[in-house]
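S.K.:
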Amino acid sequence: MTWRRIAPWVIGVIALVAIFIDLPRSVPALSGLPSEVGGAQFRTVLGLDLQGGLRVTLEVVPQTDQEITEEDLETARDIIERRVAGIGVTEPQVRTETAGDGSRRIVVEVPGVSDPGQIRELVGSTGQLQFIDPIGQALQPGQDISELLESGAIRELFSGGEIEQGSVAPDAQGSQVAVSFNLRPEGSDIWCGFTTANVGRPGPIALDQVVITTPEIQGAICGGSTVITIGPPTPENEVERTNLYNTLRFGALPVSLTEQGFEEVDPTLGADFLVQALVAGAVGLVLVLFFMVAYYRLPGVLAALALIFYTLVVYAIFRLIGVTLTLAGVAAFILSIGMAVDANILIFERMKEEIRAGKSLGPAIEAGFNRAWSSILDSNVSSLLVAGWLYWQGTTVVRGFALVLIIGVLVSMFSAVTVTRTILRYVTRTSWGRRLELYHVER
Amino acid sequence: MYDIVGKRNLWFTLSALLTIPGLIFIFLGGLKPSIDFTGGTEWEVRHEQRPSADEMTATLAELGYADAIVTELPEDFLRIRTEPIDLIPPGGLEPSPTAEPSGSAAPSADASASAAPSESPSATGSPDASQSGDASPSPSAVPSLSGSPGASPDASPAPIAAGTEFADLEEELDARFGVGEPRSVRTVGPLIGADLIRSSAILIGIGELFILLYLWMRFGFRFGTAAIVALLHDVILVVGTFAILGYFFNLEFDALFVSALLTIIGFSVHDTIVVFDRIRENRVRHAGESFGAIVNHSILQTMARSIITSITVVVTLGALLLLGPPTIRTFALALLLGVVSGTYSSIFNASQILVAWQDWDTKRRARPAS
Numbered sequence: 001m002t003w004r005r006i007a008p009w010v011i012g013v014i015a016l017v018a019i020f021i022d023l024p025r026s027v028p029a030l031s032g033l034p035s036e037v038g039g040a041q042f043r044t045v046l047g048l049d050l051q052g053g054l055r056v057t058l059e060v061v062p063q064t065d066q067e068i069t070e071e072d073l074e075t076a077r078d079i080i081e082r083r084v085a086g087i088g089v090t091e092p093q094v095r096t097e098t099a100g101d102g103s104r105r106i107v108v109e110v111p112g113v114s115d116p117g118q119i120r121e122l123v124g125s126t127g128q129l130q131f132i133d134p135i136g137q138a139l140q141p142g143q144d145i146s147e148l149l150e151s152g153a154i155r156e157l158f159s160g161g162e163i164e165q166g167s168v169a170p171d172a173q174g175s176q177v178a179v180s181f182n183l184r185p186e187g188s189d190i191w192c193g194f195t196t197a198n199v200g201r202p203g204p205i206a207l208d209q210v211v212i213t214t215p216e217i218q219g220a221i222c223g224g225s226t227v228i229t230i231g232p233p234t235p236e237n238e239v240e241r242t243n244l245y246n247t248l249r250f251g252a253l254p255v256s257l258t259e260q261g262f263e264e265v266d267p268t269l270g271a272d273f274l275v276q277a278l279v280a281g282a283v284g285l286v287l288v289l290f291f292m293v294a295y296y297r298l299p300g301v302l303a304a305l306a307l308i309f310y311t312l313v314v315y316a317i318f319r320l321i322g323v324t325l326t327l328a329g330v331a332a333f334i335l336s337i338g339m340a341v342d343a344n345i346l347i348f349e350r351m352k353e354e355i356r357a358g359k360s361l362g363p364a365i366e367a368g369f370n371r372a373w374s375s376i377l378d379s380n381v382s383s384l385l386v387a388g389w390l391y392w393q394g395t396t397v398v399r400g401f402a403l404v405l406i407i408g409v410l411v412s413m414f415s416a417v418t419v420t421r422t423i424l425r426y427v428t429r430t431s432w433g434r435r436l437e438l439y440h441v442e443r
Numbered sequence: 444m445y446d447i448v449g450k451r452n453l454w455f456t457l458s459a460l461l462t463i464p465g466l467i468f469i470f471l472g473g474l475k476p477s478i479d480f481t482g483g484t485e486w487e488v489r490h491e492q493r494p495s496a497d498e499m500t501a502t503l504a505e506l507g508y509a510d511a512i513v514t515e516l517p518e519d520f521l522r523i524r525t526e527p528i529d530l531i532p533p534g535g536l537e538p539s540p541t542a543e544p545s546g547s548a549a550p551s552a553d554a555s556a557s558a559a560p561s562e563s564p565s566a567t568g569s570p571d572a573s574q575s576g577d578a579s580p581s582p583s584a585v586p587s588l589s590g591s592p593g594a595s596p597d598a599s600p601a602p603i604a605a606g607t608e609f610a611d612l613e614e615e616l617d618a619r620f621g622v623g624e625p626r627s628v629r630t631v632g633p634l635i636g637a638d639l640i641r642s643s644a645i646l647i648g649i650g651e652l653f654i655l656l657y658l659w660m661r662f663g664f665r666f667g668t669a670a671i672v673a674l675l676h677d678v679i680l681v682v683g684t685f686a687i688l689g690y691f692f693n694l695e696f697d698a699l700f701v702s703a704l705l706t707i708i709g710f711s712v713h714d715t716i717v718v719f720d721r722i723r724e725n726r727v728r729h730a731g732e733s734f735g736a737i738v739n740h741s742i743l744q745t746m747a748r749s750i751i752t753s754i755t756v757v758v759t760l761g762a763l764l765l766l767g768p769p770t771i772r773t774f775a776l777a778l779l780l781g782v783v784s785g786t787y788s789s790i791f792n793a794s795q796i797l798v799a800w801q802d803w804d805t806k807r808r809a810r811p812a813s
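Going down the list, the sequences are from chains A and B. Numbering-wise (my numbering), the first sequence opens with residue 1 and increments by one. Numbering-wise (my numbering), the second sequence opens with residue 444 and increments by one.
1. So that I know if they touch, is there some Cβ in chain A lying closer than 8 Å to that of B/R661?
2. Taking only beta-carbon atoms, is B/S477 less than 8 Å away from chain A?
3. Can you tell which of A/T214, A/L244, A/H440 and A/F333 has the C-alpha that lies nearest to the C-alpha of A/A316?
4. With distances taken Cα to Cα, identify the nearest neighbour of A/G338 among B/R665, B/A762 and B/L688.
5. What whole-angstrom Cβ distance do A/I135 and A/R155 have, given they're in contact under 8 Å?
6. Give the residues of chain A in contact with B/D720, contact being defined as C-beta atoms less than 7 Å apart.
7. Identify, in the order they occur along the chain, each residue of the same chain with its Cβ nearer than 7 Å to the Cβ of A/L346, setting aside the five sequence neighbours on each side.
8. With a cut-off of 8 Å, does the C-beta of B/H740 fall near any C-beta of chain A?
9. Suppose you measure from the CA of A/I406 to the CA of B/I654; what does that come to, to the nearest Å?
10. Determine whether the Cβ of A/E353 lies closer than 8 Å to any Cβ atom of chain B.
11. From which residue to which residue does the beta strand (DSSP E) around B/V631 run?
12. Suppose contacts are defined by Cβ-Cβ distances below 8 Å. Is A/I228 in contact with A/V179 by that definition?
13. So, at 6 Å on beta carbons, what are the nonlocal neighbours of B/F480 in its own chain, with the 5 sequence-adjacent residues on each side left out?
14. Start and end of the alpha helix (DSSP H) containing A/Q51?
15. Does B/F415 get closer than 8 Å to chain A when you measure Cβ to Cβ?
16. Looking at the secondary structure, which residues open and close the alpha helix (DSSP H) in which B/T755 lies?
17. What does the alpha-carbon distance come out to for the pair B/D510 and A/P267?
18. Helix, strand or coil for B/Q492? Go by DSSP, reduced to three states.
19. Anything in the segment 334-349 of chain A with a Cβ closer than 8 Å to a Cβ of chain B? List those residues in chain order, please.
20. Run the CB neighbour count on B/S741, radius 10 Å, all protein chains shown included, and call it buried at 16 or more, exposed below.
21. Is there a C-beta anywhere in chain A that falls below 8 Å from the one on B/H729?
22. Going by CA-CA distance only, name the one from B/S789, B/M499 and B/L656 that's closest to B/F620.
23. Shorter than 8 Å from the beta carbon of A/T2 to some beta carbon of chain B?
24. Cutting at 6 Å between CB atoms, please list the residues of its own chain near A/E81, excluding the five before and the five after it.
25. Quick check: the Cα distance between B/R808 and B/G449, rounded to an integer number of angstroms?
26. Evaluate contact between the segment 709-719 of chain B and the segment 381-389 of chain A, counting only Cβ atoms and requiring at least three cross-stretch pairs below 8 Å.
27. Would you mind stating whether A/P215 and A/V177 have Cβ atoms separated by less than 8 Å?
28. Between B/G709 and chain A, is the shortest Cβ-Cβ distance under 8 Å, so that the two count as touching?
29. Report the neighbours of A/S31 on chain B: residues whose CB is nearer than 8 Å to its CB, in chain order.
30. Using a cut-off of 8 Å between C-beta atoms, extract the partners of A/A367 located in chain B.
31. For A/G300, which residues in the same chain have their Cβ closer than 6 Å to its Cβ, ignoring the five residues on either side in sequence?
32. Can you find a CB in chain A that lies within less than 8 Å of the CB of B/Y787?
33. Check whether the Cβ of A/V323 lies closer than 8 Å to any Cβ atom in chain B.
34. Measuring alpha carbon to alpha carbon, tell me which of A/T428, A/L307, A/I119 and A/R43 ends up nearest A/V409.
35. Where does A/Q130 sit, in a helix, a strand or coil, going by DSSP?
36. Can you look up B/E498 in the DSSP assignment and give me helix, strand or coil?
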């Protein structure tokens with residue numbers, strides 16, 4: 001009884017909040033509205049296929065004897081994000097994924113890119129740094145040492161992962177340009193032992209098994225702090241320093257990556273798709289509204305109101321929790337409009353049946369809602385099972401679709417049942433609302 | 444009252460006629476997986492001279508892409524599909540990525556460097572010298588692992604080849620057909636494709652299993668099984684139709700098709716549940732009547748709802764199919780087929796299977812008694 005009383009208020013408040021969230025801030029007249037309340041931002045996040053941009057999928061390749069930990073993956077993700085953000089791209093998204101066979105991936109999404117090649121190279125460079133013990137071999141910069149490493153003629157001391165995060169910096173030694181960095185304790189111990197035994201000999205550093213520099217060890221380096229001096233500040237040496245700095249700083253990926261896919265969508269094509277999808281959605285929505293009113297008359301009008309409520313609320317939820325709307329997501333949204341009225345149809349058909357069976361309007365309405373409920377519940381639970389499973393297991397594209405479907409099903413259960421029922425109760429209290437011909441029942 | 448149940452052999456025959464051609468074409472290899480599954484590179488481009496698909500295919504073959512597939516699209520765009528090209532291989536990129544972008548992005552590297560010095564270089568700068576000084580007495584002898592000047596010229600030219608195959612190809616094509624404006628480029632590596640096939644099969648299989656378990660729980664063994672058979676009918680019909688369209692019109696199915704199939708699974712069960720729910724209710728209410736009569740009632744009572752719900756979904760999907768973006772059309776088509784088939788199969792398959800099963804059961808029980 002109390003719920004019956006507060007239901008209209010709850011529905012009204014939800015509708016108003018949804019409208020407030022939905023209103024586009026880009027329209028000049030509405031730009032004054034806050035787009036953030038209490039830390040929650042209202043914004044429509046469009047997927048790459050709708051706003052254009054670049055997506056690169058990288059597969060994590062475990063090295064021999066390497067156990068890839070979540071921490072490694074997170075570090076790699078972080079490094080890639082900084083690399084991409086470093087060239088001034090807006091809102092790059094870098095996330096980790098688990099593939100069906102358990103292998104791990106890093107997915108980089110950069111909206112509205114101007115130079116895809118640059119970003120792919122930035123991202124795709126796996127940048128495995130190795131500190132090398134040449135064991136007497138003379139190594140040249142640029143030399144591929146993969147075979148030497150394999151045969152054991154030279155060996156890896158430790159990987160770039162031993163470079164302390166954020167410790168790499170351009171440096172100067174008197175008038176000489178240099179790069180300095182710190183090592184973590186473990187690497188530092190090895191480094192100390194190696195450099196002590198090899199003063200005056202080269203201590204090569206390799207990136208992806210290609211030697212990048214062969215500096216000469218001037219003295220034992222214990223304690224981790226290391227400085228690589230390049231030479232006098234000539235323009236070439238400055239460039240060399242920047243390269244070395246970048247390699248040491250960003251090349252220290254704890255895992256090795258291979259590019260497994262990329263996708264590039266022209267922003268104008270994405271915009272076209274968005275418009276087409278919205279037009280299709282609007283046409284679909286209007287047709288369904290029209291059909292419901294034409295077929296069910298008064299209850300159809302209420303179902304139409306409930307459907308508008310549904311659309312407003314679902315879109316508001318998308319904006320509130322930042323659901324990334326891809327083309328598949330928009331399609332799921334449009335599909336869910338068609339499905340959302342299903343509960344209403346079940347109820348109304350049942351209601352008509354009860355009226356035909358001789359019940360008067362009030363009891364017929366209540367019976368319609370009560371009897372249809374088990375069908376509504378069962379069918380929606382089955383949809384939720386499938387959508388939940390899709391969300392749990394699916395790839396990114398599939399997940400977006402599944403999330404939209406889940407939100408749609410949950411909201412539709414509320415809108416089709418509670419909203420319609422509440423308004424119908426009000427309407428049947430009026431004298432005109434009880435006229436049977438408004439319910440389109442053929443006896 | 445219309446007798447649907449009595450004609451069930453007709454419905455079973457009709458369903459067989461609807462699904463068997465599809466099955467045949469599935470076995471004939473009619474299903475054409477998109478690069479989502481096979482791996483490959485696909486791009487859409489319009490060149491100044493608007494070459495035809497044949498001209499483009501010939502040119503690509505000349506350039507070494509013999510198995511390229513070229514499709515003509517509206518507005519003179521061409522869709523070109525080849526083996527995966529231009530993936531950056533593992534360890535194939537050496538210093539060039541770090542060297543090249545940093546060359547162009549030198550100011551930004553400097554900016555981040557100047558941001559950093561405040562905290563780190565001071566830590567690495569002079570304290571450095573004193574720290575490592577404990578090992579080697581003279582500060583000038585601090586590990587000035589002096590980089591040889593030869594490092595950069597040697598390092599950069601070597602590995603440039605990586606990551607430019609596609610650019611080279613674009614250049615070649617531009618030279619022959621005038622400047623091209625690509626509007627989308629996509630490459631899927633073989634690993635991802637193989638993974639998608641595996642995970643899709645698992646998704647669909649386990650998705651159906653979930654439904655089966657839920658239906659068994661809610662309606663019992665017989666109803667649950669009948670619903671799943673109807674479901675298989677819908678899935679086979681949709682996949683079969685795609686096999687036929689793939690065989691004759693090269694229609695491809697992509698990653699979204701898997702989502703569509705799963706949605707169909709959920710939706711088709713909607714309809715079946717509504718009918719079954721009514722059968723369950725009527726069994727209690729009309730306990731005296733034969734099972735066949737009860738099913739017939741229930742179907743007729745729920746028919747209006749089934750058809751109207753289908754209409755609303757068909758309307759929205761139809762709008763998407765006719766007006767929506769081209770990339771989503773196969774998705775909409777799959778859903779449309781599935782929804783119509785789902786409504787059909789819940790009435791003409793799932794319920795009829797229940798009756799047939801019941802009949803068979805009564806006969807089987809009657810036999811040993813007689």
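For every residue, glycine included, the Cβ atom is placed at its ideal position computed from N, Cα and C. As the structure is a prediction and not an experimental result, all values here were calculated from the model.
M.R.: Looking at the coordinates:
1. Your numbering for residue 661 of chain B matches position 218 in the second sequence. It does; some Cβ of chain A falls within 8 Å.
2. For the purposes of this step, residue 477 of chain B is taken as the residue at position 34 of the second sequence. Residue contact check for B/S477 against chain A: no CB pair falls below 8 Å.
3. Residue mapping note: residue 316 of chain A aligns to position 316 of the first sequence, counting from 1. The residue with the shortest Cα to Cα distance from A/A316 is A/F333.
4. On the first sequence, residue 338 of chain A is found 338 positions in, with the first residue counted as 1. Among B/R665, B/A762 and B/L688, the Cα nearest to that of A/G338 belongs to B/A762.
5. Residue mapping note: residue 135 of chain A aligns to position 135 of the first sequence, counting from 1. Residue mapping note: residue 155 of chain A aligns to position 155 of the first sequence, counting from 1. Contact flag correct, Cβ pair sits at about 7 Å.
6. As a working mapping, residue 720 of chain B is identified with position 277 in the second sequence. Near B/D720 (Cβ distances below 7 Å), the residues of chain A are S374, S375 and D378.
7. On the first sequence, position 346 is the one that residue 346 of chain A refers to. The answer, listed in chain order, is A372, S375 and I376.
8. In the second sequence, residue 740 of chain B corresponds to position 297, counting from 1. B/H740 is outside the set of residues whose beta carbon lies under 8 Å from a beta carbon in chain A.
9. Against the first sequence, residue 406 of chain A aligns to sequence position 406. Against the second sequence, residue 654 of chain B aligns to sequence position 211. Distance between the alpha carbons of A/I406 and B/I654 is about 16 Å.
10. On the first sequence, position 353 is the one that residue 353 of chain A refers to. Closer than 8 Å: yes.
11. Here the question's residue 631 of chain B lines up with position 188 in the second sequence. From DSSP, the beta strand (DSSP E) with B/V631 extends over G623 to V631.
12. Translated into positions along the first sequence, residue 228 of chain A becomes position 228. Translated into positions along the first sequence, residue 179 of chain A becomes position 179. Between A/I228 and A/V179, the gap from beta carbon to beta carbon is short of 8 Å.
13. One-based indexing of the second sequence puts residue 480 of chain B at position 37. The answer, listed in chain order, is G636, L639 and I640.
14. The residue labelled residue 51 of chain A in the question sits at position 51 within the first sequence. Residues L48 to Q51.
15. There is no way to answer for residue 415 of chain B, as the model of chain B reaches only from 444 to 813.
16. Counting from 1 along the second sequence, the entry for residue 755 of chain B is found at position 312. Element bounds for B/T755: F734 to L766.
17. Sequence index remark: in the second sequence, residue 510 of chain B carries index 67 (1-based). Sequence index remark: in the first sequence, residue 267 of chain A carries index 267 (1-based). Taking the straight line from one Cα to the other gives about 29 Å.
18. By 1-based counting over the second sequence, the position of residue 492 of chain B is 49. Three-state DSSP puts B/Q492 in coil, outside helix and strand.
19. Using a CB distance below 8 Å, the part of the segment 334-349 of chain A facing chain B consists of I334, L335, I337, G338, M339, V341, D342, I345, L346 and E349, ordered along the chain.
20. Your numbering for residue 741 of chain B matches position 298 in the second sequence. By the 10 Å Cβ count, B/S741 comes out buried.
21. By 1-based counting over the second sequence, the position of residue 729 of chain B is 286. Taking CB atoms only, B/H729 has no neighbour in chain A less than 8 Å away.
22. Reading the second sequence from its first residue, position 177 is the one you call residue 620 of chain B. The shortest Cα separation from B/F620 among B/S789, B/M499 and B/L656 belongs to B/M499.
23. To locate residue 2 of chain A, count along the first sequence from 1; it is residue 2. For A/T2, the answer is no, since every Cβ of chain B falls outside 8 Å of its Cβ.
24. The sequence position of residue 81 of chain A within the first sequence is 81, counting from 1. Excluding sequence neighbours, A/E81 sits near V94.
25. In the second sequence, counting from the first residue as 1, residue 808 of chain B sits at position 365. In the second sequence, counting from the first residue as 1, residue 449 of chain B sits at position 6. About 21 Å.
26. Taking 8 Å as the limit for Cβ pairs, the verdict is that the segment 381-389 of chain A does touch the segment 709-719 of chain B.
27. As a working mapping, residue 215 of chain A is identified with position 215 in the first sequence. As a working mapping, residue 177 of chain A is identified with position 177 in the first sequence. No, the Cβ-Cβ distance between A/P215 and A/V177 is not below 8 Å.
28. Within the second sequence, residue 709 of chain B is the residue found at index 266, counting from 1. Taking CB atoms only, B/G709 has a neighbour in chain A less than 8 Å away.
29. To locate residue 31 of chain A, count along the first sequence from 1; it is residue 31. Those do not exist, as A/S31 stays about 29 Å from chain B at its closest Cβ, beyond 8 Å.
30. Here residue 367 of chain A refers to the residue found at position 367 when the first sequence is read from its first residue. Within chain B, no residue comes near A/A367; the closest Cβ sits about 12 Å away, beyond 8 Å.
31. Your numbering for residue 300 of chain A matches position 300 in the first sequence. Leaving aside the five residues that flank A/G300 on each side, the residues in its chain whose CB is nearer than 6 Å to its CB run, in chain order, M292 and V293.
32. Mapped onto the second sequence, residue 787 of chain B falls at position 344. Output row for B/Y787: interface = no.
33. By one-based count along the first sequence, residue 323 of chain A stands at place 323. Interface criterion not met: the Cβ of A/V323 is under 8 Å from no Cβ in chain B.
34. Taking the first sequence and counting its residues from 1, one reaches residue 409 of chain A at position 409. It is A/L307.
35. If you number the first sequence from 1, residue 130 of chain A lands on position 130. A/Q130: strand per DSSP, three-state reduction.
36. Within the second sequence, the letter at position 55 stands for residue 498 of chain B. B/E498 falls in the helix class under three-state DSSP.
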